[in-house]
Amino acid sequence: MITAAHYLALSAILFFIGATGVVTRRNLIVIFMSIEIMLNAANLAFVAAAAILGKMDGQTIVFFVMTVAAAEAAVGLAVMIALFRNVETVKADEVGALRW
Amino acid sequence: MFYPLAAVTVVSALAVITARNPVRSAMALVATLASLAVCFVALGAHLVAALQIIVYAGAVMVLFLFVIMLLNVQEDPHEGGRTGLKVAAAAIGAALAALFGTVLLRGGGSVEGAWPAGFGTTRALARVLFGDYLVAFELTSVLLLVAVVGAVVLARHDSDESDPGEVEEPQ
């Protein structure tokens, strides 16, 4: 019997796949995609919670998460273009000008 | 139906973080997002599933692919380094995923079939969105406006020489 709890477990697995990607990869674009996986795992948890509770609030929050993720992607990729224009790289460990 | 779907989702998500070529990562991410949309349908969220395809698999992924190809990001021959660190990170991630997954699997409930009439429809979502969450909705529109203006300002190419933002010349 598949319950909404199975989808909650799937969202946990997806979240930690995304977190592992953020920690291990050095390409900023791939790190960005891993963040999108984490956001989508949170969305899946919200939708599963809405299905468990039988209320629409969870799905409404997903709407806001999607909007914020789209805004984040637009600004983040613009930052990446500006970064590439200045230092000619998108590797996270080659951008150390602010490191102390 | 759930287990093949979950398998496709997890495998494509793993492909995103393991592929050397960023374009392959993006394609695997499209597969992840599409299978998540199927999960949303299975959970009764039909409008959210449609938005997932349109906004994520459509708009956001086009943005990603555009930036990948604009910057001409190549496969990274050095990405394979630091193997011990990566194995440790993967082990910790798998352990945490197993822990959280088990806890959520045991604790969650199921009321499938007991949803109120019209659950997940556009009408039901719009009633909540433009009722309880009206202020948040309006603030979201302001956020999107700020994001668009910010993205244009950041990505704009300054052709004039008086550029205070340029800190470091590329070597």
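So the sequence lines, in the order shown, correspond to chains A and B.
For the first sequence, this note's numbering begins at 1 and goes up steadily by one.
For the second sequence, this note's numbering begins at 1001 and goes up steadily by one.
From the three backbone atoms N, C-alpha and C, an ideal C-beta is built for every residue, glycine too.
Near residue i, what residues of its chain come up, given a Cβ to Cβ distance below 6 Å and the 5 sequence neighbours on each side ignored?
i, result
"Phe15/A", "Met38, Ala41"
"Val1008/B", "Ser1035"
"Ala1013/B", "Thr1032"
Kindly indicate which residue of the options has the alpha-carbon position closest to the one of residue i.
i, options, result
"Ala1049/B", "Phe63/A, Leu53/A, Ile52/A, Gly54/A", "Phe63/A"
"Val47/A", "Ile61/A, Arg85/A, Ile35/A, Phe32/A", "Ile61/A"
"Val23/A", "Thr1018/B, Val1023/B, Leu1134/B", "Thr1018/B"
"Met1069/B", "Ala1031/B, Ala1098/B, Val1023/B, Leu1125/B", "Val1023/B"
"His6/A", "Val1128/B, Arg1106/B, Thr1122/B", "Arg1106/B"
"Ala74/A", "Gln1074/B, Leu1143/B, Ala1088/B, Phe1100/B", "Leu1143/B"
"Leu1125/B", "Gly76/A, Met56/A, Ala78/A", "Met56/A"
Would you kindly report the start and end of the unbroken alpha helix (DSSP H) that includes residue i?
i, result
"Ile1053/B", "It is not in any alpha helix (DSSP H) - Ile1053/B carries neither H nor E in the DSSP assignment."
"Pro1004/B", "1002-1018"
"Pro1022/B", "1022-1042"
"Ile2/A", "Ile2/A -> no alpha helix (DSSP H), and no H or E assigned at all."
"Leu83/A", "57-87"
"Val1135/B", "1134-1155"
"Val47/A", "28-53"
In chain B, which residues lie with their C-beta within 8 Å of the C-beta of residue i?
i, result
"Ala73/A", "Val1060, Leu1063, Phe1064"
"Val90/A", "Leu1071, Val1073"
Run through chain A and tell me which residues come within less than 7 Å of residue i, C-beta to C-beta.
i, result
"Gly1101/B", "Ala9, Ala12, Ile13"
"Pro1022/B", "Asn27, Ile29, Val30"
"Val1135/B", "Near Val1135/B there are no residues of chain A at all, since even the closest Cβ is about 12 Å away, more than 7 Å."
"Ala1155/B", "Ala78, Ile81, Ala82"
Give me the chain A residues within the contact set of residue i, using Cβ-Cβ distance strictly less than 9 Å, ordered along the chain.
i, result
"Ile1053/B", "Correct list: empty, because the minimum Cβ distance to chain A is about 11 Å."
Kindly list, in the order they appear in chain B, the residues whose Cβ is closer than 7 Å to that of residue i.
i, result
"Gly96/A", "Here the premise fails: no neighbours, minimum Cβ distance about 11 Å."
"Val47/A", "Phe1040, Leu1043, Ala1045, Val1048"
What in chain A is Cβ-close to residue i, meaning under 8 Å?
i, result
"Pro1116/B", "Gly54"
"Thr1083/B", "Residues of chain A passing the Cβ test: none, with the nearest at roughly 10 Å."
"Ala1151/B", "Ala74, Val75, Leu77, Ala78"
Spatial neighbours of residue i within its chain, please: C-beta separation below 7 Å, excluding the five flanking residues on both sides.
i, result
"Ala1155/B", "none"
Can you find the residues in the same chain that come closer than 8 Å, C-beta to C-beta, to residue i, ignoring five residues on each side of it along the sequence?
i, result
"Met66/A", "Asn43"
If the cut-off is 7 Å on Cβ atoms, which residues from the region 30-41 of chain A count as contacting chain B, listed in chain order?
Val30, Met33, Ser34, Glu36, Ile37, Asn40
Give me the subset of the region 15-26 of chain A whose CB atoms are less than 9 Å from a CB atom of chain B, sorted by chain position.
Phe15, Phe16, Ile17, Gly18, Ala19, Thr20, Gly21, Val22, Val23, Thr24, Arg25, Arg26
Determine which residues of the region 59-73 of chain A have a Cβ less than 9 Å from any Cβ of chain B, and write them out in chain order.
Gln59, Thr60, Ile61, Val62, Phe63, Phe64, Met66, Thr67, Val68, Ala69, Ala70, Ala71, Glu72, Ala73
Contacting positions in the region 1026-1037 of chain B - beta carbon closer than 8 Å to chain A
Ala1026, Leu1029, Thr1032, Leu1033, Leu1036
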